[in-house]
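Q: First residue of the sequence shown: 62, per the UniProt record's numbering; consecutive thereafter.
Every residue gets a Cβ at the ideal spot worked out from N, C-alpha and C, and that includes glycine.
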Amino acid sequence: VLAIPAAAYMLQEQEAHAAEMEQTFIAIKPDGVQRGLISEIISRFERKGYKLVAIKILVPSKDFAQKHYHDLKERPFFDGLCDFLSSGPVIAMVWEGEGVIKYGRKLIGATDPQKSEPGTIRGDLAVVVERNIIHGSDGPETAKDEIKLWFKPEELVSYTNNAEKWIYG
Ligand code: ADP
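1) On the DSSP bridge list, what partners appear for Gly200?
2) Under 8 angstroms, do Leu98 and Ile194 count as touching if we go by C-beta distance?
3) Have a look at Val62 and Ile228 and give me their C-alpha separation to the nearest angstrom.
4) Does the separation of the CB atoms of Met154 and Ile116 fall below 8 angstroms?
5) Label Asp92 either buried or exposed according to how many other C-beta atoms from any shown protein chain fall within 10 Å of its C-beta, with 16 as the threshold for buried.
6) State yes or no: is the C-beta of Glu202 within less than 8 angstroms of the C-beta of Met82?
7) Going by the beta-carbon positions, is the gap between Gly149 and Val188 smaller than 8 angstroms?
8) So, is Lys123 buried or exposed, given that buried needs 16 or more other C-beta atoms within 10 angstroms?
9) Assign Pro179 to buried or exposed, taking buried as 16 or more other Cβ atoms, counted over all protein chains shown, within 10 Å of its Cβ.
10) I need the straight-line Cα distance from Arg136 to Leu142, nearest angstrom please.
11) Suppose the cutoff is 8 angstroms on Cβ atoms and the five residues either side in sequence are ignored; what does the same chain contact list for Tyr130 look like?
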């Protein structure tokens with residue numbers, strides 16, 4: 062008798078969390094890959110409780126790097142930045158979870174590693190802004206655009222992780 066309302070309550074809870082689910086685009090730049098930081102970075106997102114729904118390794122072309130960073134094309138460092146992003150393998154990923162866009166940026170830390178807090182990815186693992194090892198979408202619109210630029214829809218995998226009920230209640 063009690064099982065029915067409890068189950069209904071749990072379903073409502075799960076639906077409420079499902080409505081808050083977001084996806085963000087995260088890339089490990091060539092410096093992070095070359096320095097052997099792939100597993101360290103993935104591990105921080107995974108242990109937090111976010112879900113990996115797409116991942117691949119590729120060397121982006123310069124043209125592709127320019128598309129990715131198009132918002133920065135007026136900045137003096139744009140050309141060097143695009144050269145760098147296209148200089149070697151990059152790990153492209155989509156991570157999913159409640160609030161993952163904003164909190165993912167917190168895990169990453171400030172753009173300039175000199176200003177990133179210890180405990181953040183850039184704070185712990187990088188020293189200068191030109192080699193700050195990781196990219197993360199800075200808002201819902203950018204996340205949508207970047208996921209679309211880097212992945213085909215069929216490359217995103219929809220699945221239930223059995224730990225979700227322990228992460229979200
Ligand atoms: P974020 O990557 O934190 O979203 P931005 O979008 O402002 O930061 O910049 C994109 C990337 O451009 C940074 O991650 C960094 O690699 C590079 N960058 C930003 N500012 C500078 C700078 N002043 N000089 C050189 N490279 C920079």
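A: According to the structure data:
1) Paired residues: none, contrary to the question.
2) yes
3) Reliability fails at Val62, whose pLDDT of 47 lies under 50, so the model's placement of it is uncertain and no value is given.
4) yes
5) buried
6) no
7) no
8) exposed
9) exposed
10) 10 angstroms
11) Phe139, Leu142, Cys143, Leu146
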